[in-house]
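Residue numbers (my numbering): -16 to 65. Yeah, the Cβ is synthetic: ideal placement off N, Cα and C, and Gly gets one too. Just so we're clear, the structure is a prediction, and the values are computed from it rather than from any experiment.
1) Give the straight-line distance between the Cα atoms of residue 34 and residue -6, rounded to the nearest whole angstrom.
2) Is DSSP giving residue 7 helix, strand or coil here?
3) Could you round the C-beta distance between residue 57 and residue -11 to whole angstroms and report it? I think they count as a contact, below 8 angstroms.
4) Considering only C-alpha positions, which residue in the set 36, -9 and 50 is nearest to residue 20?
5) Kindly give me the distance between the Cβ atoms of residue -9 and residue 54, rounded to whole angstroms, as I take these residues to be in contact under 8 angstroms.
6) To the nearest angstrom, report how far apart residue 8 and residue 43 are at their CA atoms.
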């Protein structure tokens, strides 16, 4: 059962990473981050009009690094558990 949940987390993290990499506009970046973090509030979307473009590019880079790191952790953990 734990392996199934771990594989599901890996799949969701890969999907979030791919969606974030494909995002081009500020709104797409904000939506990709919000969806991937399962947040109930759309903080980034609410502040969309007040933020410069550099804010969204920085967030995109930050979360791509985060998802890659998280994916590596999950995959290492899945190898140890088997």
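The structure says:
1) Reading the chain shown from its first residue, position 51 is the one you call residue 34. Reading the chain shown from its first residue, position 11 is the one you call residue -6. So the two alpha carbons sit approximately 31 angstroms from each other.
2) Start at 1 with the first residue of the chain shown, and residue 7 comes out as number 24. Three-state result, residue 7: coil.
3) Working through the chain shown from its first residue, we reach residue 57 at position 74. Working through the chain shown from its first residue, we reach residue -11 at position 6. Between residue 57 and residue -11 a beta carbon distance of about 6 angstroms is seen, short of the 8 angstroms cut, so the two are scored as contacting.
4) The residue you call residue 20 lines up with position 37 of the chain shown. Residue 20 has its Cα closest to that of 50, out of 36, -9 and 50.
5) Stepping through the chain shown from its first residue, residue -9 is reached at position 8. Stepping through the chain shown from its first residue, residue 54 is reached at position 71. With a Cβ gap of about 13 angstroms, residue -9 and residue 54 do not count as contacting.
6) The residue given as residue 8 occupies position 25 in the chain shown. The residue given as residue 43 occupies position 60 in the chain shown. Taking the CA atoms as reference points, residue 8 sits about 11 angstroms from residue 43.
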